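Asker: According to our numbering, the residues represented by the sequence shown are 1 to 610, in order.
For glycine and all other residues, C-beta sits at the position ideal for the given N, C-alpha and C.
The model shown is predicted, which means the values in this text are computed figures rather than measured ones.
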Amino acid sequence: MRVPRHDILNLGMKTLRESYRRGELVPQKLVESIINAADALKHYNIFIKPPSLCWIQRFINSLMHKNFDDHPLWGIPFSIKDNIDLRGVPTTGGCPDFAYLPKKSALAVQLLIDAGAIPIGKTNLDQFATGLNGTRSPYGVCHNSFDFDLISGGSSSGSAVAVAMGLSTFSLGTDTAGSGRIPACFNNLIGLKPSLGLISGSGVIDACRSLDCVSIFAISSDDANEVLDVAARFDSDYSHSRELPYFNATRHYGLADINLTLGVIKKEQLRFFGNDAYFEAYSRTLEVLMDRGFTLKEIDFRPLEEAGELLYQGPWISERFITTEQMISLKPQSMFPIVREIIEPGGKLLATDLFKAQYRLRELKIICERLMSDLDCLITPTVGCHFTIKEMLDDPINANTKLGYYSNFVNLLDLASVVVPTQLIKRKHDSSMPFSVSLVGPCMSDRWLLSIANTFQSIFALTVGNTGYVSNNHENKLVSNPKSIDILVCGAHLSGLPLNWQLIERGATLKRVVDTAPIYRMYALEGGPPLRPGLIRDEKEGAAIAAEVWSVPAANFGSFVENVPSPLGIGKVVLSNGQSVLGFICEPMGIYGAIEITSFGGWRAWLQQR
Numbered sequence: 001m002r003v004p005r006h007d008i009l010n011l012g013m014k015t016l017r018e019s020y021r022r023g024e025l026v027p028q029k030l031v032e033s034i035i036n037a038a039d040a041l042k043h044y045n046i047f048i049k050p051p052s053l054c055w056i057q058r059f060i061n062s063l064m065h066k067n068f069d070d071h072p073l074w075g076i077p078f079s080i081k082d083n084i085d086l087r088g089v090p091t092t093g094g095c096p097d098f099a100y101l102p103k104k105s106a107l108a109v110q111l112l113i114d115a116g117a118i119p120i121g122k123t124n125l126d127q128f129a130t131g132l133n134g135t136r137s138p139y140g141v142c143h144n145s146f147d148f149d150l151i152s153g154g155s156s157s158g159s160a161v162a163v164a165m166g167l168s169t170f171s172l173g174t175d176t177a178g179s180g181r182i183p184a185c186f187n188n189l190i191g192l193k194p195s196l197g198l199i200s201g202s203g204v205i206d207a208c209r210s211l212d213c214v215s216i217f218a219i220s221s222d223d224a225n226e227v228l229d230v231a232a233r234f235d236s237d238y239s240h241s242r243e244l245p246y247f248n249a250t251r252h253y254g255l256a257d258i259n260l261t262l263g264v265i266k267k268e269q270l271r272f273f274g275n276d277a278y279f280e281a282y283s284r285t286l287e288v289l290m291d292r293g294f295t296l297k298e299i300d301f302r303p304l305e306e307a308g309e310l311l312y313q314g315p316w317i318s319e320r321f322i323t324t325e326q327m328i329s330l331k332p333q334s335m336f337p338i339v340r341e342i343i344e345p346g347g348k349l350l351a352t353d354l355f356k357a358q359y360r361l362r363e364l365k366i367i368c369e370r371l372m373s374d375l376d377c378l379i380t381p382t383v384g385c386h387f388t389i390k391e392m393l394d395d396p397i398n399a400n401t402k403l404g405y406y407s408n409f410v411n412l413l414d415l416a417s418v419v420v421p422t423q424l425i426k427r428k429h430d431s432s433m434p435f436s437v438s439l440v441g442p443c444m445s446d447r448w449l450l451s452i453a454n455t456f457q458s459i460f461a462l463t464v465g466n467t468g469y470v471s472n473n474h475e476n477k478l479v480s481n482p483k484s485i486d487i488l489v490c491g492a493h494l495s496g497l498p499l500n501w502q503l504i505e506r507g508a509t510l511k512r513v514v515d516t517a518p519i520y521r522m523y524a525l526e527g528g529p530p531l532r533p534g535l536i537r538d539e540k541e542g543a544a545i546a547a548e549v550w551s552v553p554a555a556n557f558g559s560f561v562e563n564v565p566s567p568l569g570i571g572k573v574v575l576s577n578g579q580s581v582l583g584f585i586c587e588p589m590g591i592y593g594a595i596e597i598t599s600f601g602g603w604r605a606w607l608q609q610r
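1. In the DSSP assignment, find the alpha helix (DSSP H) that holds S559 and state where it starts and stops.
2. Evaluate M290 with the Cβ neighbour count: other Cβ atoms within 10 Å of its Cβ, from every protein chain shown; 16 or more gives buried, anything less gives exposed.
3. Rounded to a whole number of angstroms, what is the C-alpha to C-alpha distance between W550 and G571?
4. Is it the case that the Cβ atoms of R447 and H252 are separated by a distance below 7 Å?
5. In angstroms, rounded to a whole number, what distance separates the CA positions of C368 and P303?
6. Work out the CA separation of T123 and K42 for me, nearest whole Å.
7. Could you pull the DSSP bridge partners for I379 from this structure?
8. Give me the Cα-Cα distance between R233 and K365, rounded to the nearest whole angstrom.
9. Check each candidate in G528, D39 and P588 and name the one with the smallest Cα separation from P498.
10. Would you check if the stretch 190-201 and the stretch 435-450 touch, i.e. whether three or more CB-CB distances between them fall below 8 Å?
11. Which same chain residues, not among the five before or five after S566, have their C-beta less than 8 Å away from its C-beta?
12. Out of curiosity, what's the CA-to-CA distance linking P183 and L132?
13. Judging by CA-CA distance, which residue of A218, A351, L255 and P381 is the nearest neighbour of V264?
14. Can you name the start and end residues of the beta strand (DSSP E) that D300 belongs to?
15. Take G602 as the anchor and find which of L350, N577 and E548 has the nearest alpha-carbon.
16. For T176, which residues of its own chain have a beta-carbon under 7 Å away from its beta-carbon, when the five flanking residues on both sides are left out?
17. For the candidate residues N408, F560 and I585, whose alpha-carbon lies nearest to that of G569?
18. Using the three-state DSSP reduction, which class does S484 fall into: helix, strand or coil?
19. Contact check, I113 vs I60 under 8 Å by CB: the rounded distance?
20. From N67 to A38, what distance separates their C-alpha atoms?
21. If you drop the 5 nearest sequence neighbours on each side, which residues of the same chain put their C-beta closer than 8 Å to that of V581?
22. Measure how close the beta-carbons of F247 and G384 come, nearest whole angstrom, since I'm counting them as under 8 Å.
23. What is the DSSP secondary structure of E548, reduced to helix, strand or coil?
24. State yes or no: is the C-beta of G178 within less than 7 Å of the C-beta of G191?
25. Where does the unbroken alpha helix (DSSP H) through I613 begin, and where does it stop?
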């Protein structure tokens with residue numbers, strides 16, 4: 001069945017702000033158009049609490065007292081998964097008999113409203129956020145934005161479809177096993193699963209409190225970054241809240257360099273469950289990235305897969321039981337049958353099972369940290385296949401397990417992840433379906449992953465959601481991995497030379513062999529051992545000099561620089577491609593008594609000729 005068309009506004013933040021500023025649009029008219037569009041799509045079961053002026057008007061009116069320029073999300077419409085509290089609007093968790101009326105909004109929601117955002121609906125979900133498919137709701141199956149007969153993904157199903165169908169600029173979901181990522185893939189969106197504790201879970205119905213994240217769906221990495229900037233606040237009243245480190249602040253978001261090393265799963269460990277179109281889309285994605293200059297490095301996926309298996313096959317199912325314990329005891333018939341079947345055994349597991357699983361998980365974390373230590377990020381398919389609603393209902397457990405193959409491990413291993421669309425798979429009747437990859441990195445690498453997603457969106461240049469609009473990213477300042485600092489070495493620190501150990505013992509890795517721009521002169525300085533070169537900038541009589549770029553963990557960079565003796569120092573060095581990196585330079589006074597060796601083209605070549 002084809003998706004019905006309706007007038008879709010471009011709800012990208014930049015576009016909306018420009019329309020507001022020019023007086024072409026006002027929030028009242030925008031919300032009214034969203035209400036009409038949502039009504040035309042009500043058979044998609046996107047909302048549990050649909051858009052209506054009877055409850056949204058108060059938020060529109062409040063904008064009269066908020067200055068446009070002082071409120072970064074002024075007039076921006078967003079949807080909220082219905083396991084997240086909005087004051088005065090019932091929260092159901094996808095279970096009518098569980099519903100309650102919150103006296104205050106979840107902290108994340110309140111921060112967004114305070115910044116001027118307008119909540120326009122509470123969205124459908126797999127009951128108690130248990131599922132990755134969008135079919136486990138008494139409020140109806142949530143349908144995919146591209147094909148009515150396919151699953152939307154879950155559990156944050158309505159939140160994704162609301163953005164994909166042009167009913168919200170962004171939306172909030174939650175993510176324990178992939179609920180903020182798989183719906184993003186199936187609906188052609190950016191899906192940010194933040195680091196654990198970065199966005200407060202206060203006012204959110206727990207699925208697994210130790211693993212839950214409030215997630216963000218958006219049409220662009222720019223928009224996701226802006227939402228994160230508002231929503232990420234330390235919450236002293238939430239036991240799992242974490243401070244935002246400086247290197248993960250919004251100023252570190254931008255356009256990532258393409259000279260990155262991406263980890264990819266070994267071919268024999270990939271699983272597409274018979275979906276050849278997904279395999280081909282993934283292969284095409286990797287081909288494009290290699291053509292653009294990315295380096296791909298295979299990793300062993302088995303430790304990550306094993307960690308993911310603990311989520312539903314291990315004692316963490318007991319954590320899901322905590323929220324629903326009273327419901328299972330007093331009103332078991334109120335629960336969606338398959339959800340109850342999954343959660344109920346959690347009340348029978350032993351404490352010893354938990355400790356055994358925790359011990360193994362700790363071992364797996366160490367293995368995975370080593371696997372990813374020299375990567376800029378890991379890239380995986382977000383999901384290996386896409387089921388019809390009928391296929392999902394016919395085999396709900398096995399099908400859901402397949403959906404989580406690439407996503408279940410992320411929160412257990414305390415990682416961050418961003419989903420970014422890379423392909424539109426052509427189908428019959430001129431239709432298409434989206435395919436996405438997941439970028440996975442260490443805890444608090446959120447801005448770095450969003451920056452890589454920004455680069456990916458510029459490379460693949462797809463339309464967003466099912467709106468027909470292209471991504472409106474405008475942030476183009478180049479950024480590098482904030483957990484490491486690149487440094488150019490051109491002398492005794494080169495691979496195999498006497499001072500290279502100073503890099504190695506600090507955990508530095510060789511990133512690439514380079515040439516400088518042809519604007520430098522090189523000298524063999526007096527003194528030693530070891531012998532040292534001096535690099536002096538000379539745009540008239542300079543030449544290209546061979547060098548290496550090493551990536552040094554940021555925490556160890558200071559101790560490395562501390563050992564640099566005069567007349568050497570660290571400054572910006574221009575590469576042959578025009579980019580600038582930190583590197584060894586020399587004070588002009590240092591060349592007195594030195595031997596010029598520029599003609600050799602590099603330190604190693606000069607050593608070989610001595």
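Answerer: Inspection of the coordinates gives the following:
1. Secondary structure note for S559: its alpha helix (DSSP H) is the uninterrupted segment A554 to E562.
2. Exposed.
3. Approximately 15 Å, taken between the alpha carbons.
4. yes
5. 7 Å
6. Answer to the nearest angstrom: the Cα atoms are 12 Å apart.
7. I379 pairs with L439.
8. Cα-Cα distance, rounded: 26 Å.
9. G528
10. As far as the Cβ criterion goes, the stretch 435-450 touches the stretch 190-201, which means the pair count is three or higher.
11. Excluding residues within five positions, the ones whose Cβ falls inside 8 Å are E587 and G590.
12. 8 Å
13. For the residues A218, A351, L255 and P381, the minimum Cα distance to V264 belongs to P381.
14. Here D300 belongs to no beta strand (DSSP E), and DSSP marks it neither H nor E.
15. E548
16. Closer than 7 Å at Cβ, skipping near neighbours: A129, A207, C208, L211, D212 and N411.
17. I585
18. When secondary structure is reduced to three states using DSSP, S484 falls in the strand class.
19. In fact, because the Cβ distance is near 12 Å, the residues do not count as touching under 8 Å.
20. 29 Å
21. D486, I487, L488, V549, K572, V573 and L575
22. That belief does not hold up - the Cβ atoms of F247 and G384 are roughly 33 Å apart, past 8 Å.
23. The answer is strand: DSSP assigns E548 an E or B state.
24. no
25. In the structure as shown, the chain starts at 1 and stops at 610, and residue 613 therefore has no counterpart that could be examined.
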